[in-house]
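Yeah, the sequence shown ends on 448 if you go by the working numbering, and it's all consecutive.
Glycine is no exception: its CB is placed at the ideal position from the N, C-alpha and C atoms.
Keep in mind the model is a prediction, meaning the values are calculated, not measured.
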Amino acid sequence: MKNCSGQTEKARYLIEELCSLYRIEKAVDSLVELGAPAVEVLQAFLMEGKPSKIFQPRLHAVEALARLGAKEVLIAYLLQEREIDDPEDRFGEEAVESSAARFLSTWPSEEMYRLLLNLSERRMLIGLIDALAEYMRADSMQYFERAIEDDFYRPAAEEAFMKLGGIACDALSVSAARVAFSPHSTLESPSSLGRRRSAVRILKRIGISAEHWRRLRALIRDPDDEIAAGIAGLGTEFASKEDRNLMASRLIELVSRVSWYLQEGVEDTLVALQDEAAELIAAEISSRMKQPEDIRSVDLRLRALLRIANRYERT
């Protein structure tokens with residue numbers, strides 16, 4: 134009994150070491166070496182402790198609990214309802230919660246998957262996205278789709294979709310075309326646009342089938358330049374002659390207007406559409422070369438078209 138009490142006191146001392154930040158990794162190792170007596174102290178620290186913008190001690194407490202196999206403590210922590218008023222403290226605690234969710238993927242089971250999926254109905258966490266992605270199950274896709282609407286969660290959700298691979302293409306094709314409007318507005322909401330752009334990017338990485346192209350082809354006319362350019366890039370293998378002509382015209386229109394990170398992709402697609410685009414590009418180059426020298430020298434569209442024409446000559 135005395136020995137158990139001494140180990141508990143040592144665990145409390147090691148929690149103080151965690152909070153000091155100086156020997157944090159050594160403190161975690163020592164807590165794990167203590168075994169079961171450390172679990173109760175770590176649980177109290179995590180469940181009853183105050184969230185803070187300096188979240189590293191709580192983050193490492195989660196790590197120690199995971200290494201000790203205390204999955205029930207991590208589950209209880211994630212299911213705990215807690216209001217955090219300070220935004221910096223709330224951001225820090227989200228990192229801790231994400232870590233707890235991520236560690237739960239080390240105990241894979243149907244029961245654990247259902248718990249994580251239920252948690253996803255009320256929480257958005259990067260670690261929860263990562264944990265669900267490990268199961269590679271189609272019924273996680275609704276959660277991932279919600280996540281790609283948000284800049285913060287989007288990178289993790291895109292990687293989750295990539296793990297799903299081809300089974301995600303149907304849902305992503307629908308998502309790419311589904312426009313949601315801002316309240317009391319005829320304009321697409323920023324979150325909807327972010328989601329649709331993300332869906333197209335993921336589809337480009339995964340690849341599509343002819344059936345998916347039939348669903349997506351109308352987006353060549355999408356008012357968003359990035360989506361139209363991305364869809365054109367997807368369609369070179371499956372598009373009809375009519376669609377290829379439309380793609381060529383649209384990309385020539387966009388070639389000097391898209392953001393720099395899309396420029397190379399647009400030019401590559403126009404090279405792939407050489408049969409449809411070459412005459413249009415030659416005609417526009419001829420027209421623009423008639424401009425005065427001072428205007429030609431700053432004509433970004435002309436520069437882009439000349440680069441593409443040069444690539445045509447080399448093929």
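Contact between the region 368-380 and the region 307-320 is absent: fewer than 3 CB-CB pairs across the two stretches fall below 8 Å.
Each of Ser253, Thr239, Asp376 and Lys186 was checked against the Cα of Glu226, and the nearest Cα belongs to Lys186.
When the Cα atoms are used, Arg255 and Asp219 turn out to be separated by approximately 20 Å.
Around the CB of Gly260, 16 or more other CB atoms lie within 10 Å, so the residue is classed as buried. Between Phe178 and Ala194, the alpha-carbon positions lie close to 8 Å from each other. Look at the beta carbons and you see the region 353-361 not touching the region 336-344: under three pairs across the two are nearer than 8 Å.
When beta bridges are read from the DSSP output, Glu321 appears opposite Phe314. Listed in chain order, the non-local C-beta contacts of Arg235 below 6 Å within the same chain comprise Gly260, Asp263 and Ala264, local neighbours out to five positions each way being set aside.
The C-beta of Gly363 has 16 or more other C-beta atoms within 10 Å across all chains shown, which makes the residue buried.
When the Cα atoms are used, Met422 and Lys374 turn out to be separated by approximately 29 Å. By the CB criterion at 9 Å, Gly327 and Glu282 fall inside the cutoff.
Per DSSP, the continuous alpha helix (DSSP H) segment holding Val195 begins and ends at Gln189 to Arg200.
Short of 6 Å from the beta carbon of Ala290, and not among the five residues preceding or following it, lie these beta carbons of its own chain, in chain order: Ile262, Phe277, Ala280 and Ile281. For Met269, there is no enclosing alpha helix (DSSP H), as DSSP marks it with neither H nor E.
The region 167-181 makes contact with the region 200-212, as at least three CB pairs between them are under 8 Å.
Under the three-state reduction of DSSP output, Ile217 falls in the coil class, being neither helix nor strand.
Within the same chain, Cβ atoms closer than 7 Å to the Cβ of Leu167 are found at Gln140, Lys143 and Ala144, the five residues on either side in sequence being excluded. One alpha carbon belongs to Arg191, the other to Leu305, and they sit about 36 Å apart.
Glu409 is a Cβ neighbour of Asn378, given a cutoff of 9 Å. Here Tyr276 carries a helix assignment [DSSP, helix/strand/coil]. For Leu413, same chain residues with a beta-carbon under 8 Å away, outside a window of 5 residues either side, are Ala381, Ser382 and Ile385 in chain order. Spanning the alpha carbons of Ser331 and Phe285 requires a straight line of approximately 13 Å.
In the three-state reduction of the DSSP assignment, Gln424 falls in the coil class, being assigned neither a helical nor a strand state.
Here the alpha carbons of Ala415 and Trp393 stand approximately 23 Å from one another.
Boundaries of the alpha helix (DSSP H) harbouring Tyr246: Glu243 to Ser253, taken from the DSSP string.
Boundaries of the alpha helix (DSSP H) harbouring Ser163: Ile157 to Leu167, taken from the DSSP string. Between Met180 and Ala160 a beta carbon distance of about 19 Å is seen, past the 8 Å cut, so the two are scored as non-contacting. Gly298 carries a helical assignment under DSSP once its states are collapsed to helix, strand and coil. Per DSSP, the unbroken alpha helix (DSSP H) holding Asp401 starts and ends at Trp393 to Ala405.
With 16 or more neighbouring CB atoms inside 10 Å of its own CB, Tyr268 falls in the buried class. Per DSSP, the unbroken alpha helix (DSSP H) holding Ala343 starts and ends at Ala343 to Leu349.
Counting only the Cα atoms, Thr448 lies some 50 Å from Ser238.
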